[in-house]
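As structure tokens, the structure follows; a few thoughts come after it.
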Ligand SMILES: Cc1cc2nc3c(=O)[nH]c(=O)nc-3n(C[C@H](O)[C@H](O)[C@H](O)COP(=O)(O)OP(=O)(O)OC[C@H]3O[C@@H](n4cnc5c(N)ncnc54)[C@H](O)[C@@H]3O)c2cc1C
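In this note's numbering, the protein residues as written are 13 to 279.
Right, dumping it as structure tokens:
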């Protein structure tokens with residue numbers, strides 16, 4: 013896997029203000045309101061070549077040397093287009109993308125439903141936040157009264173959490189009082205085929221705002237390093253040209269049908 017230096021690589025320790033459960037923190041420090049984010053940490057070197065090479069081998073009489081010879085950028089892009097048209101998507105599995113993600117536990121529950129991926133999640137048994145860390149939904153943030161209620165509830169939950177820790181309750185049990193908005197950090201790795209499925213489901217307007225925001229950030233990241241692989245990635249209305257949400261459809265596919273597909277940078 014190639015480490016992605018354009019995004020600064022993995023986060024520095026300074027960006028991860030996490031204290032150990034045993035530090036005796038009161039939990040009454042200034043809250044850290046986490047903005048959900050995703051960034052590419054590393055990926056298969058030349059991901060598009062990896063896919064085209066695998067696909068070309070399927071149709072070649074000889075071995076690797078001939079398959080690799082003369083595989084130009086244009087040919088690679090053309091191969092990828094043909095695979096997509098034919099629905100021959102297994103070569104897409106040869107390119108992998110690793111992300112660092114911050115967000116809420118509610119987001120984590122949805123993300124990890126995507127089984128064709130690998131996850132490593134910050135442990136709430138071994139790592140306890142030294143101060144309240146949580147995500148604030150935009151519909152709460154935009155209204156002062158809502159925000160006050162939300163913050164008060166978070167403060168109370170984190171105070172109870174630290175009280176329980178101080179009374180000798182292990183972190184694995186004390187965490188139960190924290191809500192779904194509590195922050196989490198994780199690293200996950202998807203292959204390109206699974207990412208297409210993920211973008212189809214989670215870039216859709218029907219998806220919950222936080223996972224949708226994460227999905228669009230992931231799409232922006234992978235398009236930067238593999239534009240041909242992900243040029244058509246997105247909600248069903250963009251990638252398939254029709255909606256798969258039945259009676260829950262927002263109707264965007266009809267709008268797209270009139271004006272053409274959304275621009276590649278849409279997010
Ligand atoms: C808008 C929205 C609302 C949702 N609401 C709910 C909800 O109310 N309740 C709920 O429980 N979930 C809900 N989900 C989650 C959803 O049902 C999927 O679990 C989730 O999106 C993961 O999708 P996936 O299975 O395609 O992904 P992956 O697990 O990554 O699987 C990728 C693909 O591999 C194949 N595959 C994987 N595992 C198997 C298997 N065991 N057998 C056969 N084929 C397999 C399938 O083709 C699948 O599409 C919702 C998702 C969205 C986007």
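Note that CB positions come from ideal geometry on N, CA and C, so glycine has one too. Owing to the predicted nature of the structure, the values given are computational and were not obtained by experimental measurement.
Legend entry - Rounded straight-line distance, which links the Cα of residue 215 to that of residue 8: Outside the modelled stretch of the chain, which goes from 13 to 279, sits residue 8, for which no answer is possible.
Inset, instruction - May I have the straight-line CA-CA distance separating residue 95 from residue 197, to the nearest angstrom? - result: 35 Å
Legend entry - Burial state of residue 85, where buried means 16 or more other Cβ atoms lie within 10 Å: Classification of residue 85: exposed, given that the 10 Å Cβ count is below 16.
Legend entry - Extent of the continuous beta strand (DSSP E) run through residue 70: Careful: residue 70 lies outside any beta strand (DSSP E), inside the alpha helix (DSSP H) at 59-70.
Legend entry - Cutoff 7 Å; reference residue 220; Cβ partners in own chain excluding five residues on either side: 122
Legend entry - Nonlocal neighbours in the same chain, by C-beta distance under 7 Å from residue 129, ignoring five residues either side: Within the same chain, and ignoring the five residues on either side of residue 129 in sequence, the residues whose Cβ sits closer than 7 Å to its Cβ are 200, 201, 202, 206.
Inset, instruction - Indicate whether the contact test is met: 3 or more Cβ pairs, each with one atom in the segment 100-109 and one in the segment 58-69, closer than 8 Å. - result: yes
Legend entry - Enclosing alpha helix (DSSP H) for residue 200 [first to last residue]: Residue 200 -> not in any alpha helix (DSSP H); beta strand (DSSP E) instead, spanning 195-203.
Legend entry - Helix, strand or coil at residue 113 according to DSSP, with G and I counted as helix: Reduced to three states, the DSSP call for residue 113 is strand.
Inset, instruction - Tell me whether the beta-carbon of residue 240 lies closer than 8 Å to the beta-carbon of residue 46. - result: no
Legend entry - Closest by C-alpha distance to residue 143, when choosing among 119, 190, 97: 190
Legend entry - Residue(s) in a DSSP beta bridge with residue 44: 145
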